[in-house]
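Asks:
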Amino acid sequence: EAAVTQSPRNKVTVTGGNVTLSCRQTNSHNYMYWYRQDTGHGLRLIHYSYGAGNLQIGDVPDGYKATRTTQEDFFLLLELASPSQTSLYFCASSDAYEQYFGPGTRLTVL
Amino acid sequence: GDQVEQSPSALSLHEGTGSALRCNFTTTMRAVQWFQQNSRGSLINLFYLASGTKENGRLKSTFNSKESYSTLHIRDAQLEDSGTYFCAAEGGNTGYQNFYFGKGTSLTVIP
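Chains as they are written, first to last, in the numbering used here: chain H, 1 to 110; chain P, 111 to 221.
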């Protein structure tokens, strides 16, 4: 089964702060995804990637950058964090079939 | 608009009973995946279907791509089945794999 890890698990920052969320998968999946989960919205796709150096824009990309440095590592960057970005963030990887999710990062922007 | 409509939004079941959750899609989807989100927030894979029906223990799921819906049946509900259930439909026309999530069904199993 795919192993997807995320760090940090919890993060508190202030408005205007700079935050990087990290995701690593160890099963050589080509696809990786970043989602945010908010009450009443389910999971919404921010960015995704098919392989190192590839980046695709999801449904709610505003305020987020992402970078896929290797097959294993996918980062989500918030360069000027805002309170509206307070959320639970999930990373996932896929073998072009099933998605496998990490444990999530809870981000609070004060 | 939303491409995946999930119903019901909330459901209470007594232990030992069963019910069905449903996702309707507004466009043709290639596959569907079902997840349970438990009390710790972890997303647990239940099923991935490109067509037909799959069964695992007390859970059974069907995906009908022609009629644009999927169902998840739970029978003999147990307390540990409580949580939020999500469907995610695989679609998109970019050539890349992309998923659209429903808003979830919050299931409470009552002793």
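Virtual Cβ for every residue (Gly too), placed ideally from N, Cα, C.
(1) Could you tell me which chain H residues have their CB closer than 8 Å to the CB of P/GLN146, listed as they occur along the chain?
(2) Using C-beta distances below 7 Å, list every residue in its chain close to H/ARG24, excluding the 5 sequence neighbours before and after it, in chain order.
(3) For P/GLY128, which residues in chain H fall below 9 Å Cβ to Cβ?
(4) Within 8 Å of any Cβ in chain P, is that where the Cβ of H/GLN6 sits?
(5) I'd like the span of the beta strand (DSSP E) that includes P/ASN166, first residue to last.
(6) Relative to the C-alpha of P/THR138, which candidate in P/SER161, P/GLU165, P/ILE220 and P/GLY214 has its C-alpha closest?
(7) What whole-angstrom Cβ distance do H/THR13 and H/PHE75 have, given they're in contact under 8 Å?
(8) Under DSSP, the beta strand (DSSP E) around P/TYR206 begins and ends at which residues?
(9) Mapping the DSSP letters down to three states, classify P/GLU190 as helix, strand or coil.
(10) Count the other C-beta atoms from every protein chain shown that fall within 10 angstroms of the C-beta of H/TYR97, then say buried if there are 16 or more, exposed otherwise.
(11) Taking Cβ positions only, does H/HIS41 come closer than 8 Å to chain P?
(12) Which of the three DSSP states is assigned to P/SER129 in this structure?
(13) One question on the structure: do H/ARG106 and H/LEU88 come within less than 8 Å of each other, judged by their Cβ atoms?
(14) Looking at the secondary structure, which residues open and close the beta strand (DSSP E) in which P/LEU121 lies?
(15) Answer with yes or no whether the minimum CB distance from H/LEU76 to chain P is below 8 Å.
(16) Classify H/GLN71 as helix, strand or coil using the three-state DSSP reduction.
(17) Just the C-alpha distance for P/ARG146 and H/GLY40, rounded to the nearest angstrom, thanks.
Replies: Walking through what the data contain:
(1) Ordered by position in chain H, no residue passes the 8 Å Cβ test against P/GLN146, which lies about 11 Å from the chain.
(2) THR5, GLU72 and ASP73
(3) Chain H residues near P/GLY128: none, gap ~24 Å exceeds 9 Å.
(4) no
(5) 162–166
(6) P/SER161
(7) No, H/THR13 and H/PHE75 are not in contact; Cβ-Cβ is about 16 Å, not under 8 Å.
(8) First-last for P/TYR206: undefined, no H or E at that position.
(9) helix
(10) exposed
(11) yes
(12) strand
(13) yes
(14) 120–124
(15) no
(16) coil
(17) Looking at the sequence shown, residue 146 of chain P is not Arg but Gln. Those two C-alpha atoms are separated by around 16 Å.
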